[in-house]
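Peer 1: Have a look at this one.
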Amino acid sequence: MAKKADIGGKRLIGLAPTAWVQWVTQQPDVVAEEILGSEFQWISRENDVLVKVSSPIHGQFLVLNELQLRYTSKLPLRMRTYAALAEEKYALPVYPVLVNILPPPATVTIANHFESNFLGIHAYQDYRVINLWEVEVAIVFEQSLSALLPFVPVLKQGAEVSAVQQALTLLRQDEQLIELESLLAFFASFVLGSEVVRQIMRWDMAVLQESPWYQEILKEGERIGRQEGRQEGRQEGRQEEGRSLILKQLTRRTGTLPPTVVTQIQSLTLEQLETLGEALLDFSTLADLEAWLAGHL
């Protein structure tokens, strides 16, 4: 049986944990000692990574990393909860860090703390926020931040073929990093287009499907699909059935579909799916499908 791919947050940070914790804490003397379990009773997620570190100045403490595809209003409470649970379990101070991979809608404000006041009881929790789209891509290469190589396309000034190719070269030079190429391709498809991505790197859907961020993108597409024109009852059932059938037919005609294309198809209304079902008979390449989607979304 093939070994299950591991391209979640714990694996990424584990590639160079000391470089990572020095970067997120901005403390050059911090050294990673151990990546700890972040499972707290009923709470367990692949992208919550707890690292035990030490510093000549601050002693031992914990760096709590939350890697989130997109920011949501639930995260301040999550950060407060995780920080408290980690401090209680390990009896060490906690430095919480929230890393947002993709920007939220323009109407959403990203908070850097949790705060509540109930009957005069005040609760407050600070945490550091790192938005990857604000991080200069050069930092990844200068500071050897291996964990960020798959995210190069979404970093500031990272949406260039040259930057993606540099990240790809570094991944291919290390056997430990090679399976991350599919994750790099996934994020590159957001900014370069799937045809360009296919020309410079390989897609391995078996590996990519193990990525928690890929699964979150698919779920996000399903939510968008429900919000854009989906009716309840029979129509919803027909839409799900039609979408599944069309995805299978498109895969047979054009090959494996990039995640961004799958997300677009999942957002189509029932009427659009029916139109696509008729049009796909004329498709022979992925470019044909992308051109159709560009004209109907």
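When we follow numbering that gives the first Met the number 0, the leftmost residue of the sequence shown carries the number 0, and every step to the right adds one.
Yeah, the Cβ is synthetic: ideal placement off N, Cα and C, and Gly gets one too.
Looking at the secondary structure, which residues open and close the alpha helix (DSSP H) in which A160 lies?
Peer 2: Residue identity differs from the one stated: residue 160 is Val in this sequence, not Ala. Start and end: V160 to R171.
Peer 1: Give me the residue from L191, R77 and S243 with the minimum Cα distance to Q67.
Peer 2: R77
Peer 1: Am I right that L272 and L249 are in contact with their C-beta atoms under 8 angstroms? What's the rounded C-beta distance?
Peer 2: That pair is no contact at about 11 angstroms.
Peer 1: Whole angstroms is fine: what's the gap from T253's alpha carbon to Q21's?
Peer 2: 45 angstroms
Peer 1: Between S243 and I120, what straight-line distance do the alpha-carbon atoms span, to the nearest angstrom?
Peer 2: 51 angstroms
Peer 1: Can you tell which of E135, G276, S188 and L288 has its C-alpha closest to the C-alpha of T259?
Peer 2: S188
Peer 1: Between I199 and chain C, is the shortest Cβ-Cβ distance under 8 angstroms, so that the two count as touching?
Peer 2: Absent from the structure: chain C. Only one protein chain is present.
Peer 1: Since I believe L63 is in contact with P95 (beta carbons under 8 angstroms), could you give me their beta-carbon distance rounded to a whole number of angstroms?
Peer 2: 5 angstroms
Peer 1: Should the region 140-149 be called in touch with the region 111-118, which here means at least 3 C-beta pairs below 8 angstroms?
Peer 2: no
Peer 1: Is the Cβ-Cβ distance between E32 and K51 less than 8 angstroms?
Peer 2: Taking 8 angstroms as the Cβ cut-off, E32 and K51 qualify as a contacting pair.
Peer 1: Below 8 angstroms on the Cβ atoms is my contact criterion, and I expect R79 with Q124 to pass it. Report the Cβ-Cβ distance as a whole number of Å.
Peer 2: Sure, about 4 angstroms apart at Cβ, within 8 angstroms.
Peer 1: Mark Q265 as exposed unless 16 or more other C-beta atoms lie within 10 angstroms of its C-beta, in which case mark it buried.
Peer 2: Q265 should be labelled buried.
Peer 1: Hey, quick one: how far does the beta strand (DSSP E) through K51 stretch, first residue to last?
Peer 2: D47 to S54
Peer 1: Closer than 8 angstroms by C-beta to I223: which residues in its own chain qualify, once you throw out the five before and the five after it? Chain order, please.
Peer 2: Low local confidence applies: a pLDDT of 47 at I223 is under 50, so the model's placement there is unreliable, with the coordinate-based value given in what follows. Counting only Cβ-Cβ distances below 8 angstroms, and skipping sequence neighbours, we find T262, Q265 and S266.
Peer 1: Looking only at its own chain, which residues have a Cβ that is under 8 angstroms from the Cβ of L61, when we skip the five neighbours before and after it?
Peer 2: L35, L49, V50, K51, V52, A85, E86, Y89, L91, P92, V93 and Y94
Peer 1: Would you mind sorting E270 into buried or exposed? The rule is 16 or more other CB atoms within 10 Å of its CB.
Peer 2: exposed
Peer 1: Going by beta carbon distance, what residues of the same chain come within less than 6 angstroms of L285, once the five residues before and after it are set aside?
Peer 2: Only T253 meet the Cβ criterion.
Peer 1: Please confirm whether V153 and L101 have their CB atoms less than 8 angstroms apart.
Peer 2: yes
Peer 1: Note down, one range per segment and in chain order, each beta strand (DSSP E) of at least 3 residues found wholly within the region 84-109.
Peer 2: 93-101
Peer 1: Look at the Cβ atom of V136, then the Cβ atom of G157, and state whether they are nearer than 8 angstroms.
Peer 2: yes
Peer 1: Do A105 and P75 have their beta-carbon atoms positioned less than 8 angstroms apart in this structure?
Peer 2: no
Peer 1: Give the DSSP-derived three-state secondary structure of Y123 in the structure shown.
Peer 2: strand
Peer 1: From F140 to L14, what distance separates their C-alpha atoms?
Peer 2: 14 angstroms
Peer 1: Taking DSSP as the reference, what is the three-state secondary structure of F189?
Peer 2: coil
Peer 1: Per DSSP, which residues does K155 bridge with? Please list them.
Peer 2: E135
Peer 1: Do you know how far the Cα of D28 is from the Cα of K73?
Peer 2: Cα to Cα, the separation comes out at about 33 angstroms.
Peer 1: The beta strand (DSSP E) with G58 in it runs from where to where?
Peer 2: G58 to R69
Peer 1: Which whole-angstrom value is the C-beta distance of L183 and L170, which I expect to be below 8 angstroms?
Peer 2: 6 angstroms
Peer 1: How would you label G232, buried or exposed, when you count the other beta carbons within 10 angstroms and need 16 or more for buried?
Peer 2: Residue placement at G232 is flagged as unreliable, the pLDDT there being 46, under the threshold of 50; the coordinate-derived value follows with that caveat. When all chains shown are included, G232 counts as exposed.
Peer 1: By Cβ distance below 8 angstroms, which residues in the same chain neighbour A122 in space, the five residues on each side in sequence not counted?
Peer 2: R79, F113, E114, S115 and N116
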